[in-house]
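According to the numbering used here, numbering within the sequence shown proceeds without interruption in unit steps and concludes at 907.
Note that CB positions come from ideal geometry on N, CA and C, so glycine has one too.
In what follows, a structure is listed as structure tokens, so that the remarks can point back to it.
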Amino acid sequence: MVSSSASPREEEGGGPRLPSLRGKKRRMRGRTASPEPASTAAPPQTYGKWHPDESNRPEIDDAPVFTPTEEEFKDAIGYITSIRPQVEKYGICRIVPPSSWRPPCPLKEKSFWKCTEFNTRVQQVDKLQNREPPKKETQPRVQKKRKRRKKLRFGMSQKRRSADSADQDEKFGFQSGSDFTLEEFQKYADMFKEQYFGMKGSDEISLFEIKQHKEMWRPSVEEIEGEYWRIVVCPDDEVEVDYGADLDTAIFSSGFSKSSLSDANKQDPYGLSCWNLNNLRRQPRSVLSFETEDISGVVVPWLYVGMCFSSFCWHVEDHFLYSLNYMHFGEQKVWYGVPGENAVKLEDAMRRNLPRLFEEQPDLLHELVTQLSPSVLKSEGIPVYRVVQNPGEFVLTLPRAYHSGFNCGFNCAEAVNVAPVDWLPHGQCAVELYRDQRRKTSISHDKLLLKTVQTALRQVWANLHNCKSGQKEYIWLDTCGKNGMLTSAFKTRIKMEGAAREANALLQCKKMDQDYDSTDRECFSCFYDLHLSAVSCQCSPNRFACLNHANLLCSCEMDRKFVLHRYSMEELNALVAALEGDPAAVYQWKEYDVGLVCLSASTQQKMDLSKSTNLSGSIIDVNTDCGFDGCKDLDKSAGYPQEKEVQNRCVNLNIEGPSSSPRIKEELVCSSSTSNTTGFSSSTFSALGKIDKDKMAMELGSLQTRSTLPSKTTKELFGIETEYCVAKASRAQVSQLGKPSSSQSNEVSWPAKLRHQVEQLDQGTVIVGKNWCSHQAIFPKGFRSRVTFHSVLDPTRICCYISEVIDAGLLGPLFRVAVEEFPEVSFTHTSPMQCWDSVRDRVNEEIKKQCRAGKSGVPALLSNDSVNGLEMFGFFSPPIIEVIEALDPDHKCLDYWLSKHTPPL
């Protein structure tokens, strides 16, 4: 409402009255209040005083407008990522959807429009910039327990301040207003605007004007903008308006239709659209897709119902996230944006121009209750750009891009946060800044980062095996590699973590136990999220600090404190190496992550190991069902789908006290390793007494990815202490030297007839260690051979392939097969069997493709037994076997020599 000197019309008593409200009446505003009780009084009859000659419209440039094509509009996250480089220098832009995209708005349904109420906030527009500083708080505010909810905007509290708390909380903010239905608020907003600008109301339009289709005068956006900044910058009237802001769509309702995955067959294009803000968080390229909690205002959209002059003041999004705002209906919304690179300059300008407000309230910008004219910012060299949003259009703001604005009349918009992978560096910057400011977080940045990394590594693993995921592309692959955006963000975070742990190197380290994630952990001092690591003390096991504030945790000596970590630095560095593309590191991570299962059709197996061992701890049933058409595990939610199992393994590895003998710990470690569906160590095989070792090795083939750490190693990677597993495996082998078991006396199953002629190129050198041999062959480091086979590029041709054995460090050998003519076309695996299975599967894909294209002369599909990886490498060729055996005259490759057939005496 506006209070000013009476106009001639007011003295005459003309003009319509504001509509009265149902239920609770509005508090009186303006200088003339009705003498009637507040419960029955109607709003005062006041009229605006528009000053068109005193317009204060900022002279600034407009932000760009983007009009995606129908094809570009099919991928919201992809399109936002594609325009980011162009938008960065503006910080804000407008996106106009294709003309065919017109989603219906459920809010307009009669039952909702007339009956559902929402609460508003009262905004004093004339005090957004020029006001007296509030009284200082007499008592410090107590930080409340963090809730996964975005902070309410505009310094707004859910309830009005009581008289008792007035001394404690005197800062400026927007108080709770009346409850409205959408129908009531539209009438209220329209009446306010008509009175303020002297517009004719619907009951003032003559029949003649209606018949003549005479267009009624309405103020333009430019005129409203000029008047808005006159009120803010040079107020001589008291102007109060209402704003229905931050309405949780999970409670109130969304302006978009909502469809569950089960409704997909109903073909609702808008309920399932990627531009439907309810679906945006679940889009494949969104980092927020890994957020499991429905955080209001971040992943759950908020609704905004505005009226003329209702405002949203200068602010950045929580955690420097992107934001996407869609206007469902109504009059225009005017936005102002500042590029993210100028965020600090804007903050400094605000402090310089409003020194008294910031002196009394240093965190004023966090409260979202203060405007500063774009003209002032521009005069200080800060670029500011304007966007005028119309119904049916989106407005996108970029990370750390300050933005503000106001509404030109009654309207309804909806907004949510967005996080493509390029947001990660900005998010990291935000949490470090929040640490300095002792400000609580809304999301766990480290948790989202780690889950994104895990998903990316699954796709790297699948790509190494040419294992189809059912998608046209692996969406995270282009973020990996040494120069990938995800790799860079993760590497930066790990460097910071490494420096912090180095500063606490004197503290003992423990793995986080299974109860650690039962609640959100944050630093007692700075509220930093403690997903990756924390410091605790024996004196207060439920109190935690970040690594930066370990010395403030308590007064105990440092030897009583300890660091809790989710991964060791060796494990974190292995993840970095895997993201950079190191195959050995990828397989090392695969040993830990049970989600990395990608087998070809020839190795589909169903095994139940849980009944075949007495080892302590549970053993996961192996149930791999991944054939030619794809890997079902790749479409799982990333993150840590087996997080509880991971934590169980971690807690077992940190048992202290008398019971933590090497024997017991050894069994626990080996039990942990068996929990991995793809990583069966040799110690596990020796413990499975009911399973024939050689038979299992033959059936699993490439699944035998055994520990290759030398026995002197003490490193623990991904929850498995390899020292004990290697030591146990060595003891088991030595005990068998004197008396071969029945399984060892069986002759190895050799092919009846070699089908391929293999040419040895390099004999290589023998390496003593697990995985460098099997019961069927020795795998010399640097061994190379050549063989001919159907081309993966054109199956109608025969080409040469080069097979080689590569040293993968701690992991042992990797096997690679490459097209000799095009060496960039290669297949890498921990097993020669699966290496060549991948070649065969790729050939079959090409055969199918050429058959569909109608090409003649295409060979039939290759059967599963058409290739044998050991044969294709040459490890079944007698001349090559003779050469390789000569490289190990002392028979140090135990698995091979123990399994070699010995004729009876």
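- Note that the C-beta distance between Val794 and Val760 is not below 8 Å.
- The beta-bridge partner set that DSSP reports for Thr399 consists of Ile94 and Ser325.
- Between the stretch 346-355 and the stretch 88-100, the count of Cβ pairs shorter than 8 Å is below three; the stretches do not touch.
- For Tyr589, the CB contacts under 6 Å within the same chain, skipping 5 residues up- and downstream, are Leu813 and Thr832 in chain order.
- Annotated three-state conformation of Trp337 is strand, per DSSP.
- Between Gly175 and Val371, the gap from beta carbon to beta carbon is short of 8 Å.
- Non-local C-beta neighbours of Val378 in its own chain, meaning closer than 8 Å and more than five positions away in sequence, comprise Ala351 and Asn355, ordered along the chain.
- Here the alpha carbons of Gly299 and Tyr324 stand approximately 12 Å from one another.
- Taking the C-beta atoms as reference points, Trp231 is found no nearer than 8 Å to Arg353.
- Within a 10 Å sphere around the beta-carbon of Trp219 sit fewer than 16 other beta-carbons, which makes this residue exposed.
- Using a C-beta cut-off of 8 Å, the stretch 336-344 makes contact with the stretch 394-408, since at least three inter-stretch Cβ pairs fall below that distance.
- Straight-line measurement puts the Cα of Asp424 at about 8 Å from the Cα of Thr83.
- Separation of Ala576 and Asn485 (C-alpha to C-alpha, rounded to the nearest whole angstrom) is 17 Å.
- Burial state of Ser520 is exposed, judged by a 10 Å Cβ sphere holding fewer than 16 other Cβ atoms.
- In the three-state reduction of the DSSP assignment, Ser776 falls in the coil class, being assigned neither a helical nor a strand state.
- Proximity of the stretch 408-416 to the stretch 487-503 falls short of the contact definition, fewer than three beta-carbon pairs being nearer than 8 Å.
- Tyr306: member of the beta strand (DSSP E) spanning Trp304 to Gly308, first to last residue.
- Looking at the DSSP output, Val243 bridges to Gln125.
- Looking at the backbone, the Cα of Ser255 and that of Ala247 are separated by about 13 Å.
- For Asn544, the enclosing beta strand (DSSP E) begins and ends at Ser542 to Ala547.
- DSSP places Gln836 in the helix class (H, G or I) of the three-state scheme.
- In the structure shown, Trp231 falls within a helical segment according to DSSP collapsed to helix, strand and coil.
- By alpha-carbon distance to Asp239, the top candidate from Asp365, Met309, Glu847 and His53 is His53.
- DSSP, read as helix, strand or coil, puts Ser446 in coil.
- Judged by their CB atoms, Asn465 and Leu488 are not nearer to each other than the 8 Å cut-off.
- Inter-segment contact for the stretch 223-237 and the stretch 437-451 is absent: fewer than three beta-carbon pairs are separated by less than 8 Å.
- By the Cβ rule, the stretch 386-394 does not count as touching the stretch 305-325, because fewer than three pairs are nearer than 8 Å.
- It is roughly 30 Å from the alpha-carbon of Ile849 to the alpha-carbon of Glu73.
- Assigned with DSSP and collapsed to three states, Lys347 falls in helix.
- With contacts defined by Cβ atoms closer than 8 Å, Ala810 and Ala458 do not form a contacting pair.
- Trp838 places its beta carbon less than 8 Å from that of Val819.
- Note that the C-beta distance between Cys315 and Leu130 is below 8 Å.
- Contact between the stretch 560-580 and the stretch 534-552 is present, with at least three C-beta pairs closer than 8 Å.
- For the pair Ala417 and Asn280, the CB atoms are not nearer than the 8 Å cut-off.
- Of the other Cβ atoms in all chains shown, fewer than 16 fall within 10 Å of the Cβ of Gln88; this residue is therefore exposed.
- Judged by DSSP in its simplified three-state form, Arg818 adopts strand.
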